[in-house]
Structures are given as structure tokens and as C-alpha cells.
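A.B. asks:
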Amino acid sequence: MEQLKSIKDIDQISIREDRIMHSADANEIVNGLTTDVYFLRTLDILSALDLAEAEVVAEIFPRKKGIFCGIDEVKNLLKGKPLEVWAVDEGESFDVKDTVIRIKGKYKDMAIFETIVLGMLASASGWATAASEIKEACGDKTFLCFGARHLHPSVAPVMERSAVIGGAMGASCILAAKLMGLNPSGTVPHSAMLIAGDTLTVSETYNRISDPAHNRIVLIDTFKDEVEEAIRIAKALDGKLYGIRLDTPSERGGVTAGLVKEMRAKLDAEGFDYVKIFVSGGLTPEKIITLREAGADSFGVGSYISGASPIDMTMDIKMVNGKAVAKRGRIPGLIDNPKLKKVQ
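For the sequence shown, the residue numbers in full-length UniProt numbering are 1 to 344.
Here's what the structure looks like:
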């Protein structure tokens, strides 16, 4: 497959009958198959006018403040292209209309990448920003991202990687964790308890077959009262229980501050003050603040991050052949940002 350069090239695209996924692969993305078609039409028009090789400088800015993420993919996408690129560091904060990327080169060499670059940045920055909001709510506590199940699997690793950039201490998605050089994090789901028929049976087996260095965290809300179950498991594991996870469903009111306080007090009273309390299930920053103050030690967050809206990114051409330009309503010429660094 070759990079698309003209509307005519679209006729050469064929979809294999044995294709098993609707998502684009890396080769299709790099070669422009996920771009908006009007960029190819623009190239055809500019080529007819002998203007496709005009030297331009384009800048990208966000529509709201957040945490910058996705630049690593953008750099990989543009690597080897005859373009100069400046960008804000990944994980850096930005404000409304800050210049986060500047690209200089011939228009024909950057045109088909506009849609792709904006999409990479918009989604990743939205997820990283949501994770940063969770991080702020956690204070000195930690959280993991458990959001892979809420997204198409082709982008789930991008989302959970973005969450780590935004402040998560780890990710449950295996590929996302490995991309960050981490071990994937997670406990044991309700399905194990439901199939085995008893949380204690699962816990004892989990303890027996796990590496001694592994932190054993047991989900304790499947069958019995959460506090009763937690104490039963702590006694059975005899000092090897690292923590319990509360994931009480919304049908029973979810995890409340009262439950966390009761859990902490009764674990302490039984001599299990070393057992940590992890909470998951529909968490938001507001809920996390309440549960943290009640005594929760760590959190598993999914939908708040995975469901975050993309941060709208816009690319404007600001210079054409050395002349400052802008559409109506915008300021001609480059908009400086001291956080920009040359990356290509």
C-alpha cells in the first residue's frame, strides 16, 4: 500500500473479503486511509494551480485546557517526512488556544496527516485530562485505570496509556501496561467467585498459586456482607492478604463512605490494620474525595476516563511562503508558546 496523494488513488483501495476488523491498522493510518477525503481534493486543486509545494507553517491548538497526550504517536507518524515539528512535552498542561504543535514544510507533505494528528491528540489528551482530574481527587492516594472494557479494543491500549500519562499508577489492559514498561495491574473478578461458589475457596487458591511477592487483593462483595467476608478472608490468609476490593453494585447502593468507615474500623479491631481498602465501580472525582476521606487507600477507575470527551484540536495554517495568514476571526502569524520544543 502506498500513501494516498490524489482523489484518484481512492479507486485503488480494495477491502479484502477476509478482513476481520473494522478498525484501521498502522499501515492504513500512515498511508492516509483514515484522513478526510477533502484533503485529497485540496491537493488535486493545489497541484493544478502549481501550489501544492507551497511552504507553510501550521499550528495546532486546543479548545479547552487539559493535559497534552498523543505526541509520541504523532512523532512516529511524521518520522522521516520532510517536515520540521515543534511540540509540547507529553504530560504537560495546556490552556485554551495554546499552540501545542507547530509543523513547517511543503503543504503536500502534511496535508493528509491533519485529520490523523488531530484525532490522535484529541482522544489521548481527553483521556489524560480525565485521569489528571482523578489524580487530583485522590490526593496522596493512588488509582489504576480499569477502562478497557468500555472501548473498542483497538484503542483501549491508547486510552489506558493516556491514563497513566495523566496520573494513573497502572493499567489493567495488558498491552497498555507493556507499552509503558509496566506490569498490568488487577485483582480477581466476580466471575471466579460465581463459578467457584465461594470467595474463600478462590482466595485460598489465589494465595497458594501466586508468586510470594504478589500483592493479594480479594474482591469481597460477591456473596456475603462485605465486612464479614473481608474478616473471614483476612483470617484464612493469615497475614498474606494485602487488600480487599469493594465493588458493591449500584443495585445495593454502591460503595458508600459509611461502608468504608465500617470496614476500616472492624478490620483494625480484628488486628488487620495492614489490610488496605481498594474501591471501584462508577467512580468520579467527587466520589473519590468522599471515599478517600472515609479511609479508602486506592481506587480502580474505568468509565470516567474511558468516557471522557476528546479535547477538540484545531490546525490552522499561519504562514504561506513566509507571509503571515489567517482566516477571519483568527490572528495572522505564529502564536508563540515557550513550552514548544523541536522534536523533528
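We put the beta carbon where it would ideally sit given N, CA and C, even for glycine.
Note that the coordinates shown come from a computational prediction; the quantities given were computed from them, not determined experimentally.
Note the first and the last residue of the continuous beta strand (DSSP E) segment covering residue 34.
C.D. replies: From DSSP, residue 34 is part of no beta strand (DSSP E); its letter is neither H nor E.
A.B. asks: Is it right to say residue 287 is buried, meaning 16 or more other beta carbons lie within 10 angstroms of its own, or is it exposed?
C.D. replies: Its Cβ being crowded by 16 or more others within 10 Å, residue 287 is buried.
A.B. asks: Ignore the nearest five residues each way along the sequence and tell me which others in residue 233's own chain have a CB closer than 8 Å to its CB.
C.D. replies: Excluding positions up to five away in sequence, the list reads 199, 200, 203, 218, 220, 241, 244.
A.B. asks: Just to confirm, is the Cβ distance from residue 104 to residue 73 under 8 Å?
C.D. replies: Going by C-beta atoms, residue 104 is not nearer than 8 Å to residue 73.
A.B. asks: Would you give the residue range spanned by the beta strand (DSSP E) that residue 142 belongs to?
C.D. replies: Here the beta strand (DSSP E) through residue 142 covers 142-145.
A.B. asks: For the alpha helix (DSSP H) containing residue 286, list its first residue and its last residue.
C.D. replies: First-last of the alpha helix (DSSP H) with residue 286: 285-294.
A.B. asks: Give me the Cβ distance between residue 55 and residue 69, rounded to the nearest whole Å; I'm assuming they're in contact under 8 Å.
C.D. replies: Not confirmed; about 29 Å, so no contact.
A.B. asks: According to the Cβ coordinates, are residue 100 and residue 88 closer than 8 Å?
C.D. replies: Against a cut-off of 8 Å, the Cβ pair of residue 88 and residue 100 comes out as a contact.
A.B. asks: Mark residue 1 as exposed unless 16 or more other C-beta atoms lie within 10 angstroms of its C-beta, in which case mark it buried.
C.D. replies: It is exposed - the Cβ of residue 1 has fewer than 16 other Cβ atoms within 10 Å.
A.B. asks: From residue 36 to residue 304, what does the alpha carbon distance come to, in whole angstroms?
C.D. replies: Rounded to the nearest angstrom, the two C-alpha atoms are 29 Å apart.
A.B. asks: Here's a check: name, in chain order, each residue in its chain whose Cβ is nearer than 7 Å to the Cβ of residue 347, leaving out the five neighbours to either side.
C.D. replies: Here the chain covers residues 1 to 344 and nothing more, so residue 347 does not appear.
A.B. asks: Please confirm whether residue 272 and residue 298 have their CB atoms less than 8 Å apart.
C.D. replies: No, these two residues do not count as a Cβ contact at 8 Å.
A.B. asks: Who are the Cβ neighbours of residue 312 in its own chain at under 8 Å, not counting the five residues just before and after it?
C.D. replies: Only 62, 63, 64, 122 meet the Cβ criterion.
A.B. asks: Go through its chain and collect everything with a Cβ distance to residue 97's Cβ below 6 Å, but skip five positions before and after it.
C.D. replies: Cβ neighbours of residue 97 beyond the five flanking positions: 61.
A.B. asks: Between which two residues does the beta strand (DSSP E) holding residue 59 run?
C.D. replies: Residues 55-62.
A.B. asks: Kindly indicate which three-state DSSP category residue 106 falls into: helix, strand or coil?
C.D. replies: Looking at residue 106 - three-state DSSP - the assignment turns out to be strand.
A.B. asks: Pull up the distance between the alpha-carbon of residue 130 and that of residue 332, whole angstroms please.
C.D. replies: Computed Cα separation, rounded: 32 Å.
A.B. asks: Helix, strand or coil, according to DSSP, for residue 201 in the structure here?
C.D. replies: It is helical.
A.B. asks: Can you give the beta carbon distance from residue 263 to residue 301, rounded, assuming they're within the 8 Å contact cut?
C.D. replies: Contact flag wrong, Cβ pair sits at about 19 Å.
A.B. asks: Would residue 165 be called buried (16 or more neighbouring beta carbons within 10 Å of its own) or exposed?
C.D. replies: Buried, by the Cβ-count rule.
A.B. asks: If I measure Cβ to Cβ from residue 3 and keep anything under 8 Å in the same chain, skipping five residues before and after, which residues do I get?
C.D. replies: 30, 31, 32, 112, listed in sequence order.
A.B. asks: Can you tell me whether residue 319 is helix, strand or coil according to DSSP?
C.D. replies: Correct three-state label for residue 319: strand.
A.B. asks: Mind pulling the alpha helix (DSSP H) runs of 4 or more residues that sit fully within the segment 186-243?
C.D. replies: You should have 190-196, 199-209, 226-237.
A.B. asks: Determine, using beta carbons only, whether residue 184 and residue 195 come nearer to each other than 8 Å.
C.D. replies: No.
A.B. asks: Let me check understanding here. Comparing Cα to Cα, which of 231, 126, 187, 22 lies closest to residue 216?
C.D. replies: Cα-wise, what sits closest to residue 216 is 187.
A.B. asks: So which of 211, 40, 38, 135 has the shortest CA-CA distance to residue 162?
C.D. replies: Ranking the options by Cα distance to residue 162, first place goes to 135.
A.B. asks: Using the DSSP secondary-structure output, state which residues sit across from residue 66 in a beta bridge.
C.D. replies: Residue 66 pairs with 94.
A.B. asks: Exposed or buried, residue 21, counting other C-beta atoms within 10 Å across all chains shown (16 or more means buried)?
C.D. replies: Classification for residue 21: exposed.
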